[in-house]
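These protein sequences, in sequence, are chains A and B.
Residue 156 in my numbering sits at position 156 of the first sequence, and the numbers go up by one each step.
Residue 270 in my numbering sits at position 270 of the second sequence, and the numbers go up by one each step.
Every residue gets a Cβ at the ideal spot worked out from N, C-alpha and C, and that includes glycine.
Owing to the predicted nature of the structure, the values given are computational and were not obtained by experimental measurement.
Everything on this sheet refers to the single structure shown next.
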Amino acid sequence: MPKELLNLGCKQLVDQISAGQTSSLSATEAVFTAIKARNGEIGAFLALFEAEALAQAQSVDERVAAGNAVGPLAGVPIAVKDNMCMTVGPTTCGSKILEHFHAPYDATVIEKLRAADAVIIGKTNLDEFAMGSSTENSGLKETVNPWDSTRVPGGSSGGSAAAVAGRLCYAALGSDTGGSIRQPASFCGVVGLKPTYGAVSRFGLVAYGSSLDQIGPMTRCVPDSALMMNVIAGHDPKDSTSVDETLAPTIDFLAGLDDPVEGLTIGIVPDLTAGAQPEVRDAVTAAIDLYQSLGAKVVEVALPHAEYAIATYYVIATAEASSNLARYDGVHYGHRTADPKDYTEVYSKSRAEGFGQEVKRRIMLGTYVLSSGYYDAYYLKALKVRNLIRADFDRAFEQCQCIVMPVAPSTAFKRREKTADPLQMYLADVYTISANLAGIPGLSIPCGRGSGQLPIGLQLLGPSFSEATLLRIARMYEHNTDWRMEPPGL
Amino acid sequence: MTSQLDYTLVVGLEIHVQLSTRSKLFCGCAVEFGASANSRVCPVCLGMPGVLPVMNRQAYEDSVLVASALNCKIAPFTKWDRKSYYYPDLPKNFQTTQYDLPLSYDGFIEIPIENAGPKRVRITRAHLEEDAGKNLHSSGPFSQVDLNRTGTPLLEIVTEPDLNAPAEVKALAMELQRIVRYLGVSEADMQKGHMRFEPNINLLIRKEGREYKTPITEVKNLNSFRALERSVAFETQRQLDAFCETGKTMVSGSKTTRGWDDGRQVTVLQREKEEAHDYRYFPEPDLLPVEMDAAWLKRIQSRLCELPLQKQTRFVHAYRLSPYDAGVLSADRATADFFEKTVGHGAEPKRVCNLLTQVGLKLANERDCGLVELGLTSRAVADLVLMVTRGEVSASGGNTLLEHMVTSGKRPEVLADELQLLQKSDSAELEIIVDKILQEQDKAVAEVRARGKKAKKAQGFLLGQVMQRTGGQANPQVVSELLAKKLS
């Protein structure tokens, strides 16, 4: 029974709880039992809120019993990446510098989850300040891939992906600056959606690259992502970059989700896909074939500036990061060095002690590209290339509703395999980064198994605010395949 | 020996004006002076992880209004930038400001120059930015930070180096204070640090047919007109002396920063420009650019009004006031409006001016309020002035009445009656009393008639007698005329 219960999708669970067929309490207890059994090995969580979660579950059950209305995520145990501020527990960003930081406010997405009656069970591990592709940059904990504990879960939302795949929660929130939702979703065999920039409020998301960051759902199936989007998407007056109703009217992402997209045209970029490992290429090709068999038309599109995406990203993201992370200085909150000589040392030593290698590397890169005399050559140039990348997508989407490509060049790699060579790690972001630069939505859905039964992800990219269509296209694939099996050993 | 040099002082001024919006520039916290430390803060202005700014539209509109009054071009498209530097009073360690696309540029301000026409000083730009907090240095091995001021909207105005005397620098500062008060966008209270000045100063020295420019110094953070004027005067002399001593001239791009030591009345070296920061400006990704369309601009500019200097000049011409009186009346927009309204009821401008400046403003000062907050109506003041003009009360009686009108709220004619300040101007009635006095005081009458040395004094004595007899209620002018007629 607990296993069946844990395998339910969010929507099914909500329906059963609302109908009194099961209770939020039993689902929540099942989740904590699973966490106690397996989180020791997986290491998905940085903090767990068992008492609060059980109390919330009970409250939902009581309201259901009393016949009161409950929210769209009523009683569903959900995990949150630990770079979203919450008044419960610390908000660490996987960093020693914020290890003991307690946020005095809730992020907008947290408020929305609460308003939807979700049960927030804990905060998940991540690469420090969301900088990384393997969760190995966490300053606090190591997370492994539930499919193979010798491998990484991907990153930076590795904890959320591992928790969803490992049945340690029903769904999770991740954040994606250059692929941080989609790549770990691909590595762990779950569905991950990076919404259009501005579709989900960033208020309370600890900033890494402000013009690229976006919060999104990580779930075990497409309808669950749609359900999560129903809860978290929408304009927030506290986030000036969140789009208002006139640009992105509120829609029900679940409505019509099961209807196939009529006259679907899919764009492919052959020379890009060619760079992936054969097993990834084959899986993606098979997925395209499946779409064709469902009546979709396939056209070749060009993204001529995609080859500059990584360089562009590492200029813009690090520039913004160098500024965003300046506030962690030991003066107002967070780690402060012991016995500083003067106030300059409060800064230099607190930061030297609190930040990990990768964060320091990106702060230095960002500081460099913004420095007087280099700004035009790096930052300004990068902004121009970013516009070209955007224009590439605009042109491509004149010919198709979505572009299909791999999420990552490979399946989950071995732990420590790439830590010695940061550039190799950066290059693995080749497929995901462009969507952040262009601000468009991207979705990762399991599309096969590579050697060692490791999950492979298929990426769907669409024009801005096409999430509903993307979800429907993903759902067409999901209907006709069954890659959503659970990891071995569970 | 320095005094023999022929030189021109060259000063450009940077002014920070705190806008009196209800909330801060990027969050909802109250802008409030004197609140207990760190009580007007929220996660946003504290720079907590994950927070985002939201622009205060009022602050932007107020800035555009001032810029319009300063004849600036208003940018149709502006953006925000981050200026990075580490300081404990700056929680994010960057300031959100406007770098290369300020909201306005290329304007001018006219400033009054004593014994001359107004002088036009070019405005380079005016832009909006957030203020930092305050570091409180204690005697212990630590400092404290008060972040109440963090995020307060500041309008930064930069002039071209068109100012050539310490008095001109001060005049500009004072004129700007009047303007922002007129527009109702800042209290511009120096005591509360609402206006802060940073003059950039150097000299153009002519010597033996050649011109030399002395190195530029910037005096930081001056918060009174007096300190501003004196620091510029001090720098003038210091730079002259330094030039004579060292002969050093300006090196392009170099600038020294100095502070003003108010106790010693000197400027003190703070840092050479070589140690200057690299602020690493870049566009603020958390805020949208601001686009100003014609309709919005029109709506903002509908709040423009006649500026103080224009008003002052008009008062001199239209009401025949002295430039000084016109200046006093136009210093505050509400006072000026009150004055004009009173005059509009038919009262004589000069008398209204005297009454308001000599009594009204004095009472307002004592009560620490504005003239218009005294509870007077322009109608009542006009009626009072008309009574004086008609001779029903004396000028000094008028002053007394105004004071009582403020304290009692009663109408002037009622008070005049109560206080027995109504003058007897009926010559028939007064003639009887005058005749009586002339009969009684034959010695004085004789002295007047003798037209000798004592005549004038004697005539004054007779007037005094009449006044005394009438309990001070006789109109002295009418009595004097009667006396003159009867004693001629």
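Checklist entry - Are the C-beta of B/Asn-93 and some C-beta of chain A separated by less than 7 angstroms? => result Yes - at least one Cβ of chain A is within 7 angstroms of the one on B/Asn-93.
Checklist entry - When DSSP labels each residue in this structure, what does B/Val-121 get in the three-state scheme? => result Annotated three-state conformation of B/Val-121 is strand, per DSSP.
Item to check | Rounded Cβ spacing between A/Gly-122 and A/Ala-185 (contact assumed at less than 8 angstroms) | outcome: With a Cβ gap of about 19 angstroms, A/Gly-122 and A/Ala-185 do not count as contacting.
Item to check | Chain-ordered residues of the region 61 to 77 of chain B with a beta carbon less than 7 angstroms from chain A | outcome: none
Checklist entry - Nearest to A/Glu-320 by CA position, among A/Phe-393, A/Ile-288, A/Gly-154, A/Ile-363, is which residue? => result The shortest Cα separation from A/Glu-320 among A/Phe-393, A/Ile-288, A/Gly-154, A/Ile-363 belongs to A/Ile-363.
Checklist entry - If we cut at 7 angstroms on Cβ distances, does A/Ala-438 have a partner in chain B? => result no
Item to check | Contact the region 203 to 218 of chain A vs the region 112 to 121 of chain A: 3+ CB pairs below 8 angstroms | outcome: The region 203 to 218 of chain A vs the region 112 to 121 of chain A: no contact.
Checklist entry - Since B/Glu-291 and B/Trp-80 are thought to touch, with beta carbons under 8 angstroms apart, how far apart are those beta carbons, to the nearest angstrom? => result The Cβ separation is near 13 angstroms, so there is no contact.
Checklist entry - What is the DSSP secondary structure of A/Arg-386, reduced to helix, strand or coil? => result helix
Checklist entry - If you check the beta carbons only, do B/Gly-370 and B/Gly-409 fall under 7 angstroms apart? => result no
Item to check | Nearest candidate by alpha-carbon position, reference B/Leu-462, set B/Gln-265, B/Glu-447, B/Lys-453, B/Gln-473 | outcome: B/Glu-447
Item to check | Cβ contact check for the region 180 to 196 of chain A and the region 211 to 226 of chain A: 3 or more pairs under 8 angstroms | outcome: yes
Item to check | Those runs of the beta strand (DSSP E) which lie wholly inside the region 143 to 212 of chain B and span at least 3 residues | outcome: 143 to 146, 153 to 159, 195 to 207
Item to check | Those residues which DSSP pairs with B/Trp-260 across a bridge | outcome: B/Thr-267
Next on the checklist: Tell me which residues of the region 363 to 379 of chain A have at least one Cβ-Cβ distance to chain B shorter than 8 angstroms, keeping chain order.
Outcome noted: Thr-367, Leu-370, Ser-371, Ser-372, Tyr-375, Tyr-379
Checklist entry - Got a sec? Which residues, its chain only, sit under 7 angstroms from A/Thr-219 by beta carbon, not counting five neighbours each side? => result Cys-10, Val-164, Ala-171, Val-190, Val-191, Ser-225, Met-228
Item to check | Among B/Lys-83, B/Ser-104, B/Pro-289, B/Pro-43, nearest to B/Glu-130 - alpha-carbon criterion | outcome: For B/Glu-130, the nearest C-alpha among the options comes from B/Lys-83.
Next on the checklist: Can you tell me which residues form a DSSP beta bridge with A/Pro-455?
Outcome noted: A/Arg-449
Checklist entry - What residues in the region 234 to 249 of chain A bring their beta carbon closer than 8 angstroms to a beta carbon of chain B? => result The region 234 to 249 of chain A vs chain B, Cβ under 8 angstroms: Pro-237, Lys-238, Asp-239, Ser-240, Thr-241.
Next on the checklist: Can you confirm whether B/Gly-50, when its beta carbon is compared against all beta carbons of chain A, has any partner nearer than 7 angstroms?
Outcome noted: yes
Checklist entry - Going by DSSP, which residues form a beta bridge with A/Ala-172? => result Answer by DSSP bridge pairing, in chain order: A/Ala-79, A/Met-218.
Next on the checklist: By the 9 angstroms beta-carbon criterion, what residues does the region 333 to 364 of chain A contribute toward chain B?
Outcome noted: Tyr-333, Gly-334, Tyr-343, Thr-344, Val-346, Tyr-347
Checklist entry - Would A/Val-119 pass as a contact of A/Gln-56 if the rule is Cβ separation under 7 angstroms? => result Taking 7 angstroms as the cut-off, the beta carbon of A/Val-119 is found closer than this to the beta carbon of A/Gln-56.
Next on the checklist: Going by DSSP in three states, A/Cys-402 sits in which element: helix, strand or coil?
Outcome noted: strand
Checklist entry - When the cut-off is 7 angstroms and only beta carbons count, does B/Asp-278 lie next to chain A? => result Residue-level contact check: B/Asp-278 touches chain A, since one or more beta carbons of chain A fall below 7 angstroms from its beta carbon.
Item to check | Rounded Cβ spacing between A/Ser-211 and A/Glu-41 (contact assumed at less than 8 angstroms) | outcome: Incorrect: roughly 37 angstroms between the Cβ atoms, too far for contact.
Item to check | Which of helix, strand or coil DSSP assigns to B/Ala-37 | outcome: Coil, per DSSP.
Next on the checklist: Assuming A/Tyr-368 is part of the alpha helix (DSSP H), what are its boundary residues?
Outcome noted: 357 to 370
Checklist entry - By how many angstroms is the C-alpha of B/Gln-312 removed from the C-alpha of B/Lys-486? => result 46 angstroms
Checklist entry - Residues of chain A with a CB under 9 angstroms from the CB of B/Ser-84: which are they? => result Ser-322, Ser-323, Ala-326, Thr-367, Leu-370
Item to check | Below-7 angstroms beta-carbon distance, A/Val-126 vs any chain B residue | outcome: The question names Val, yet the displayed sequence has Leu at residue 126 of chain A. Chain B, which has no Cβ nearer than 7 angstroms to the Cβ of A/Leu-126, makes this no.
Checklist entry - Cβ of B/Ser-425 within 6 angstroms of any heavy atom in the ligand MG? => result Because no ligand of any kind appears in the structure shown, any question about the ligand MG cannot be addressed here.
Item to check | Sequence-distant residues of the same chain with beta carbon closer than 6 angstroms to A/Gly-256, five excluded per side | outcome: none
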